[in-house]
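Each residue of the sequence shown is one higher than the last, beginning at 34 in this note's numbering.
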Amino acid sequence: MLKIPKITTLTLLQHYDHQVLIDYHKRNRLHLSPWEPERDNDYLEASQVSKRLQVSNDLFFAGGAVNFVARGNIRDGLVSADINGQILGGYQPV
């Protein structure tokens, strides 16, 4: 039997993938709290997350920003890079 190793891929989430982002934030709330600003109560509502993902994708297609999600053999995580190549989010170098 051939074993295919899991690899990590970077992808863009679509607006209909909003639950992936909601689950990520809920799972990692405690860890991310030192870097996260205070959020409105509706920040993690499906409709709000879906809207933010759509705006993110619109910016990507306009050439303004790239907001990746790393998926695969690491726990799902968010990696974001702006047009200057600056890495933001939980995977910042220390």
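We put the beta carbon where it would ideally sit given N, CA and C, even for glycine.
Please read these numbers as outputs of a predicted model, since none were measured by experiment.
Cross-strand partners of residue i (DSSP beta bridge)
i	result
T44	V102
Buried/exposed call for residue i, threshold 16 Cβ in 10 Å
i	result
N74	exposed
L43	exposed
H51	buried
S80	exposed
S83	buried
S89	buried
Cut-off 7 Å between Cβ atoms - residues of its own chain near residue i, not counting five sequence neighbours on either side
i	result
S87	The question names Ser, but residue 87 in the sequence shown is Gln. Taken in chain order, the residues that qualify are H48.
Supposed contact pair residue j and residue i - C-beta distance, whole angstroms, cut 8 Å
i	j	result
L54	F101	Actually they are not in contact, since the Cβ atoms of L54 and F101 sit about 12 Å apart, beyond 8 Å.
L77	H58	6 Å
Cβ of residue i within 7 Å of any chain C Cβ
i	result
Y57	Reference to chain C is not applicable here, since this structure consists of a single protein chain.
Beta-carbon proximity list for residue i, same chain, < 6 Å, skipping 5 on both sides
i	result
L92	A98
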